[in-house]
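What follows is one structure encoded as structure tokens, with my remarks underneath.
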Ligand SMILES: Cc1cc2nc3c(=O)[nH]c(=O)nc-3n(C[C@H](O)[C@H](O)[C@H](O)COP(=O)(O)O)c2cc1C
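Numbering (our numbering), first residue to last: 57 to 261.
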């Protein structure tokens with residue numbers, strides 16, 4: 057059975073535009089693969105806490121996880137990594153906050169990027185240990201930074217996910233959402249067109 061891991065990273069519970077786009081993408085995959093297991097994380101309700109040094113230490117020496125906070129942090133990391141390892145498809149809804157991804161999504165990356173688990177250091181540099189996953193990322197932004205030096209989300213997510221072996225990534229962009237009703241409508245319509253194109257042409261969806 058295939059597995060879909062969906063993460064909505066917006067802090068807005070209702071009406072988040074990135075979540076709506078990621079829901080549309082997830083629904084398309086779920087109707088293509090009937091019965092697919094669906095793991096859904098909504099960071100507006102259950103944000104991932106920031107990693108701290110004591111939890112990070114326990115990643116390298118699980119026996120050192122003595123405190124309840126360390127044990128909880130280690131358990132969270134295990135769970136998140138397991139979800140990722142089991143996923144055939146990863147669908148992310150990512151709003152731009154101050155030119156970057158939401159900090160709780162960065163915290164998720166910090167919990168799942170672990171040497172020996174999801175990547176390995178080698179003499180020629182790090183190699184990703186996760187393979188064969190398709191990732192669809194819906195990015196929403198109030199302005200329109202796509203193709204400018206301030207489009208930091210695209211290269212960052214490619215690099216961060218690529219480090220752990222997730223290299224097959226398709227981005228869906230809804231830009232200009234705070235630039236007036238016409239621009240917002242055009243931005244969302246363009247994003248839905250991108251999703252339709254992906255789901256009609258991709259062998260996956
Ligand atoms: C804290 C915060 C910071 C934001 N920073 C930016 C930004 O740097 N650039 C931008 O284009 N839009 C920015 N926005 C606008 C959001 O990216 C935009 O409203 C987006 O649609 C939010 O996605 P959501 O509806 O999924 O939450 C920001 C919004 C918030 C709440």
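C-beta atoms are modelled at their ideal positions from N, C-alpha and C, and glycine is treated no differently.
Residue j and residue i - do their beta-carbons sit closer together than 7 Å?
i	j	result
residue 220	residue 184	yes
residue 130	residue 121	yes
residue 250	residue 228	yes
residue 104	residue 148	no
residue 168	residue 137	yes
residue 58	residue 92	yes
residue 126	residue 110	yes
Please go through the same chain and pick out, in chain order, the residues whose beta-carbon is closer than 7 Å to the beta-carbon of residue i, but skip the five residues on each side of it.
i	result
residue 209	150, 152, 156, 157 and 195
residue 256	none
residue 214	225
residue 68	100
residue 139	61 and 95
For residue i, which residues of its own chain have a beta-carbon under 6 Å away from its beta-carbon, when the five flanking residues on both sides are left out?
i	result
residue 224	190
residue 80	251
residue 160	99, 103 and 104
residue 243	230, 231, 232 and 233
residue 72	66
Among the options, which has the Cα closest to the Cα of residue i?
i	options	result
residue 74	233, 101 and 182	233
residue 132	216, 241 and 102	102
residue 186	175, 199 and 203	175
residue 231	246, 211 and 123	246
residue 154	201, 222, 119 and 123	201
residue 170	188, 212 and 217	217
residue 188	199, 90, 222 and 134	222
residue 240	181, 199 and 90	199
Given the structure, does residue i come close to ligand 2, in the sense that its CB is under 6 Å from one of the ligand's heavy atoms?
i	result
residue 247	Absence of ligand 2 from the depicted structure is noted, with ligand 1 being the only ligands included.
Between which residues of its own chain and residue i is the CB-CB distance below 8 Å, once the five residues before and five after are set aside?
i	result
residue 107	129, 163, 166 and 167
residue 177	171
Does the pairing of the region 87-105 with the region 60-72 give three or more beta-carbon distances under 8 Å? yes
Check your reading: residues with Cβ closer than 5 Å to ligand 1 heavy atoms: 66, 68, 72, 73, 74, 151, 152, 153, 154, 155, 196, 197, 198, 199 and 233
Cβ contact (3+ pairs, closer than 8 Å) linking the region 65-85 and the region 111-127: no
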